[in-house]
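Please read the structure below before turning to the comments.
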Amino acid sequence: MLDTVLQQLLIGLTNGMVFALVALGYTMVYGILEFINFAHGDVFMLSAFVSLTLVGALGLTEHSSAGALAGGLVLCIVASSLFGGLLNLAIDRVVYKPLRKAPKLAPLVSAIGVSFILQNVGLFWGGMSMAIFGGGGQAAAPKAFPNLLPAINLLGANSKVTLQPKDVLVIGASLVVMSALYGVVRYTKLGKAMRATAQDPSAARLMGIDVDQVVAATFLIGGALGGFASVIYSLYINTVHYQMGYQNGLYAFTAAVVGGIGNIPGAVLGGLLLGLVRAFSDQFIGAQWQPAVLFGILIVILVFRPAGLLGSTAREKV
Amino acid sequence: MAALLKKFGRLPVLALLALAIYPFAPVLDWGLEAATGQALHIDRQLVNIFIFSLLALALNLQVGQAGLLQLGIAAFFAIGAFTTGVLTVEKYPFQIGFWGAMLVAPLAGALGGFLLGAPTLRLRGDYLAIVTLGFGEVMRIVLLNLENITDGPRGLNPVPAPWLPTVVRELLSPGGDASIGVLRAMYFLALIVLAATVVCLNLLEKSRIGRAFVALREDELAASCMGIEPARIKLAAFTGGAALAGLAGCFYATNLTTTAEPNTYDFNYSIMVLCCLIIGGLGSLRGALLGAGLLLGFDNVVSPLLTRLLQTALGGESTHVMASFSNWRWIVFGTALVVMMRLRPEGLWPSSRVAEELHEAQEDAA
Amino acid sequence: MRAPLLQVDKLTLRFGGLTAVSEVDLRVEEGQIAAVIGPNGAGKTSLFNAITGIYEPTAGAVRLDGHDLQEPMQPRLLLRWLLVGLGVGLIGLLTAANVDALWAAVVKAQDPNEFSTARALHDAGAFMAAQPRVDLRMAKYFVTSFDGQTTFAVVKTPELAATALADAQKRLENPQSDDDKATATRTVTALRVRGGAFLAGLLLGFLAARAVWQRTRRTPTSVALRGVARTFQNIRLFHNMTVVENVLVASDRHLRAQAKLGDPGRLTALLAPMGLLALVATLALVVRKAAPDAAEVLPDGVLAALLLGLLAWLVVIVRRGAFSTASLDQERAARHEAMELLKFVGLEHRLRDLARNLPYGEQRRLEIARALATRPRLLLLDEPAAGMNPSETVSLMHLIRAIRDRGMTVLLIEHHMRVVMGISDRITVLVHGKRIAEGTPDEIRQNPAVIEAYLGADGEH
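Chains as they are written, first to last, in the working numbering: chain U, 661 to 978; chain P, 85 to 450; chain H, 199 to 659.
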């Protein structure tokens with residue numbers, strides 16, 4: 661029993677880290693622009709396709725040499741993060757920016773539109789004739805992402821709890837990235853500008869902060885976090901699918917809301933909480949009920965704390 | 085007649101008349117068949133459009149009128165369809181038939197809407213988006229998992245056709261062809277219900293509740309200081325929309341003779357309905373109808389046509405994912421949403437008030 | 199002695215570290231015009247917001263006619279929370295017991311054409327109690343445990359099944375084999391899980407309903423419905439509605455109240471179609487079930503008549519506008535009242551204009567008319583004279599007096615000293631969130647603390 665609990669704790673933690681990374685992208689944009697960037701999950705998905713294409717192009721498999729694997733992984737992380745960040749930034753420039761002054765619904769609906777376009781792009785991407793995509797025959801089918809890290813149990817072959825190198829990678833890398841983000845937001849000039857803009861964009865503008873630049877940086881960082889998360893997610897789950905953005909985006913967004921949307925520590929807390937609940941519900945209730953359980957948790961938390969766990973209620977100026 | 089024309093305007097009355105006559109004189113079908121050599125069965129498409137319009141009107145009540153960000157309308161559509169399925173199929177003892185289901189399905193939809201809305205409608209707008217989106221997902225999963233009740237991925241079937249009095253049945257199928265009779269019965273039932281819904285929603289718009297909707301959309305705080313209870317009005321709109329979606333689901337299942345598999349009612353379906361509101365004009369009844377027509381027209385007429393063109397251009401039987409136009413539809417819908425929001429946020433055929441609200445917001449911001 | 203109409207006791211309002219209003223007392227007697235003055239940032243609007251339920255006071259009470267504006271705790275609320283709890287508990291119970299298996303055991307176990315409700319109820323009871331039961335599925339009789347996992351015996355007839363069931367129950371009570379023990383444990387566990395889920399749901403629902411109630415004990419709506427109306431410092435009209443519509447929005451309260459009092463036309467209009475449809479449905483159902491052959495012979499005319507009745511109802515609903523209000527008469531009355539109010543504030547020439555096209559002064563008047571349409575006992579005006587020219591200011595003073603003469607009590611925030619001194623019966627002075635003086639205009643004029651506050655700290659007046 662204890663083993664099971666420990667094991668689920670570990671699974672929950674790793675899953676939660678990925679959710680948290682994606683949730684950060686939602687929450688940062690919401691904090692500043694007050695709109696749900698629905699396309700974020702699909703930026704995450706397309707970044708995973710970038711990694712997969714790279715892995716295929718480099719010919720990396722489980723059996724490649726350690727040096728090649730390490731180099732390939734770093735390359736994947738850099739490429740996917742860059743791709744995610746730049747794509748997110750481009751979407752903002754082309755689609756959302758002209759709608760800054762429009763009613764709230766306009767950017768939201770546009771984001772849903774972008775999300776669908778990206779999903780369709782993912783579908784077509786899946787039809788690529790590269791061998792790693794299955795030769796292009798089944799565009800919509802999930803693609804196998806090779807297990808690039810050794811599948812050994814770090815706790816010893818006899819331990820009932822499995823801790824693989826990939827778990828360590830997910831948790832370790834996520835912690836590093838989150839700490840870095842925290843440092844940026846807390847201590848750098850850009851971070852201060854971001855917090856100021858989140859509180860009051862017009863006042864921030866009056867104080868000489870270039871709000872457009874802050875927004876651009878937010879999209880860039882959020883997208884890069886999504887791209888980074890997509891690599892470690894693919895390494896962890898070993899599957900890439902054109903609908904994985906929607907699925908994980910939904911969970912990540914739920915995590916952001918549970919934590920209190922717009923609140924960066926809240927997103928991390930929400931992500932971890934959701935990851936843990938998911939792991940335990942899979943174990944004790946059944947994986948097929950997973951969405952229902954998470955949804956129930958969301959409703960309960962919102963009824964008792966309408967602004968999320970760490971969120972504060974906004975006071976309307978009268 | 086003159087009074088009717090005066091009360092509702094010329095266009096709706098004439099359109100209704102034309103639609104009422106159409107199944108008996110399908111002129112468009114004749115013309116197109118003569119031109120292309122293919123039978124298009126526009127009356128069958130029209131039934132689908134009527135039912136989809138009902139669903140679009142349901143969403144319009146929630147999103148367009150009450151300003152609630154509902155992203156899971158398909159869940160309530162599914163509730164209606166599966167309620168109809170459970171209550172009418174032969175394998176279960178209820179078998180209350182279409183007429184009974186037509187009463188119960190909206191009630192079931194309303195119950196679902198009330199249960200979801202009561203705890204969540206006080207939340208701020210963006211949270212409602214995630215809650216409804218999640219509910220849509222959960223409803224699909226639950227329907228899939230309750231395999232003993234819903235037959236899981238197979239769905240419930242056959243859903244029987246509505247029972248009709250002999251006189252009516254004979255009137256609808258003069259040649260004694262039962263399938264034409266059923267088709268026409270569905271056609272007229274859907275048309276009557278759609279027309280009645282439009283009339284009722286039109287009245288609602290002009291009523292005190294309609295005024296409260298506008299007031300809440302414009303300034304929720306000021307409206308609540310005038311004694312309007314936002315939570316109550318929103319819950320009423322949400323429940324009402326859910327009931328209407330349930331009714332549409334009942335028609336859908338009956339027309340299809342099956343509840344279809346639960347995966348039909350996914351997020352994409354909800355967004356398709358939203359898409360047709362955005363294209364037609366959010367908050368506008370006529371816009372919702374136009375949008376439903378355009379969208380289904382695209383899906384059922386334009387898309388297959390383009391696929392055929394693509395295939396001919398590629399010279400034969402290409403199995404590549406990009407060679408079938410139906411694989412392009414989400415790019416098309418997505419682009420439509422983005423372009424509409426940018427160039428014409430009020431939709432193609434907006435109600436005058438909503439257009440003013442949108443433009444005022446833009447002027448204020450500028 | 200009668201309680202004052204409005205009584206604010208030691209009201210404190212804190213935002214984070216900032217205290218906007220600090221232990222302010224305020225009394226407004228019925229039929230008076232009272233004013234709150236003070237330099238900018240003294241907390242006047244915050245006080246109004248706290249009174250009207252927009253802000254939740256950190257401490258202190260607001261009473262109208264001696265009754266707290268916060269909805270009091272009542273026993274019937276407990277009942278309501280309990281009901282919500284029961285509902286959630288039921289959902290929890292059904293989830294824990296697995297609705298899907300319940301359905302299989304209760305509905306699917308029987309032949310749909312020879313369905314017995316009594317048997318279904320009995321089966322449902324046995325299922326919920328996690329008892330072993332006779333399962334008729336697959337046209338064979340065999341005894342299974344509650345969740346269909348353990349088969350004790352496969353038997354050929356109901357009689358043998360009953361014997362096997364009795365046997366199974368005996369063995370459950372007195373387990374011998376490991377299999378029996380496992381089933382017995384499973385039954386106990388299942389009952390515990392179900393009970394736990396029900397209780398957890400009950401508690402959760404109860405607490406959730408209570409939490410929501412606590413958040414909504416005092417809302418802008420509830421305060422408005424108690425008879426307090428207000429205007430806003432930064433005008434908040436419904437800009438895209440016409441002048442009349444703005445006022446009609448505020449009549450909603452009476453239209454709804456009248457609708458509740460029971461206009462027979464409304465109820466019948468709403469119930470008629472339901473009744474008719476239900477009748478059609480039942481009739482069709484009964485005819486089809488009872489005699490499939492007779493359905494062909496039965497007078498279709500009856501059904502046709504019912505359908506025609508439905509259409510006739512539609513016509514009625516269109517003609518009477520039953521959906522729009524309790525009835526057209528009441529809507530007309532509300533419009534009449536709106537016109538009268540607009541005439542009262544001097545906007546009768548603007549009825550069909552959009553609110554946003556009105557000049558500033560007229561927008562302020564429209565806000566007053568809108569507030570009056572809620573038929574308040576107490577009217578709060580937040581800087582009604584701001585932005586008005588001298589002649590508009592004079593007519594505003596007349597208007598406020600006229601409102602008082604209609605029997606309403608007025609409390610206003612104002613910077614124009616001429617207005618305040620000219621019409622107020624009592625004046626309260628706030629500085630930095632604290633009340634520093636209260637009295638008649640003459641007393642206030644001579645109060646050294648007030649002079650000090652206005653001339654010393656803030657030279658703008």
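Positions of the beta carbon are idealized from the N, C-alpha and C atoms, including for glycine.
Since this is a predicted model, take the numbers as computed values, not measurements.
- The Cβ of residue 221 of chain P sits closer than 8 Å to at least one Cβ of chain U.
- With a threshold of 16 other beta carbon atoms within 10 Å, residue 251 of chain P falls short and is exposed.
- The straight-line gap separating the alpha-carbon atoms of residue 321 of chain P and residue 284 of chain P is approximately 13 Å.
- Between the stretch 546 to 555 of chain H and the stretch 426 to 442 of chain H, the count of C-beta pairs closer than 8 Å reaches three or more; the two stretches touch.
- In this chain, residue 212 of chain H is not harboured by any alpha helix (DSSP H); it is covered by the beta strand (DSSP E) spanning 204 to 213.
- Every unbroken stretch of the alpha helix (DSSP H) spanning 4 or more residues and falling wholly within the stretch 244 to 320 of chain H is given here in chain order: 273 to 295 and 297 to 301.
- Note that the C-beta distance between residue 869 of chain U and residue 853 of chain U is below 8 Å.
- Against chain U, a Cβ distance below 8 Å from residue 410 of chain H picks out 963.
- For residue 280 of chain P, no beta strand (DSSP E) encloses it; the enclosing alpha helix (DSSP H) starts and ends at 262 to 290.
- Contact annotation: in the stretch 388 to 403 of chain H, residues whose CB is within less than 9 Å of a CB in chain U are 402.
- A distance of 8 Å or more separates the beta carbons of residue 420 of chain H and residue 571 of chain H.
- Distances from the CA of residue 598 of chain H to each of H:219, H:220, H:214 and H:232 were compared; the closest alpha carbon is that of H:232.
- With the rule of 3 Cβ pairs closer than 8 Å, the stretch 697 to 711 of chain U counts as touching the stretch 723 to 742 of chain U.
- If you draw a 10 Å sphere on the C-beta of residue 214 of chain P, you find 16 or more other C-beta atoms in it, and that means buried.
- Between the alpha carbons of residue 275 of chain H and residue 573 of chain H lies a gap of roughly 28 Å.
- At the C-beta level, residue 748 of chain U and residue 682 of chain U stay beyond 8 Å of one another.
- Comparing alpha-carbon positions, the option among P:211, P:170, P:196 and P:185 lying closest to residue 310 of chain H turns out to be P:170.
- If you check each beta-carbon in the stretch 277 to 310 of chain P against every beta-carbon of chain H, the ones closer than 7 Å belong to 280, 283, 284, 287, 288, 290, 291, 292, 295, 296, 298, 299, 302, 303, 305, 306, 307, 308, 309 and 310.
- Listed in chain order, the non-local C-beta contacts of residue 606 of chain H below 6 Å within the same chain comprise 577, local neighbours out to five positions each way being set aside.
- Judged by DSSP secondary structure, residue 221 of chain H falls within the beta strand (DSSP E) whose first and last residues are 216 to 226.
- Annotation: Cβ neighbours of residue 423 of chain H in chain P (cutoff 7 Å, chain order): 311.
- In this chain, the alpha helix (DSSP H) harbouring residue 682 of chain U covers 662 to 693.
- Secondary structure of residue 577 of chain H (DSSP, three-state): strand.
- The beta-carbon of residue 306 of chain H is placed less than 8 Å from the nearest beta-carbon of chain P.
- Pairwise C-beta distances place the stretch 391 to 406 of chain H out of contact with the stretch 283 to 300 of chain P, as fewer than three of them are shorter than 8 Å.
- Separation of the CB atoms of residue 148 of chain P and residue 366 of chain P is rounded to 4 Å, and the pair is thereby assigned contact status at 8 Å.
- By the C-beta criterion, the stretch 307 to 322 of chain H is judged not to be in contact with the stretch 420 to 430 of chain H, since fewer than 3 inter-stretch pairs fall below 8 Å.
- Taking C-beta separations shorter than 6 Å and ignoring five residues to either side along the sequence, the partners of residue 579 of chain H in its chain run 429 and 610, following chain order.
- For the pair of segments examined, the stretch 931 to 949 of chain U was found to touch the stretch 663 to 673 of chain U: the number of CB pairs separated by less than 8 Å reaches three.
- Using a Cβ distance threshold of 8 Å, residue 357 of chain P and residue 101 of chain P do not count as a contacting pair.
- With respect to residue 631 of chain H, residue 240 of chain H sits close: the two C-beta atoms are nearer than 8 Å.
- Think of a sphere of 8 Å around the beta carbon of residue 960 of chain U: the chain H residues whose beta carbon falls inside it are 402 and 406, in chain order.
- At a cut-off of 4 residues, the continuous stretches assigned as alpha helix (DSSP H) that sit fully inside the stretch 855 to 905 of chain U are 861 to 866 and 871 to 897.
- The beta-carbon of residue 325 of chain H is placed no less than 8 Å from the nearest beta-carbon of chain P.
- Here residue 240 of chain P is not near residue 335 of chain P, since their CB atoms are 8 Å or more apart.
- Its chain contains 732 as the residues whose beta carbon lies nearer than 7 Å to that of residue 718 of chain U, once the 5 sequence neighbours on both sides are disregarded; these appear in chain order.
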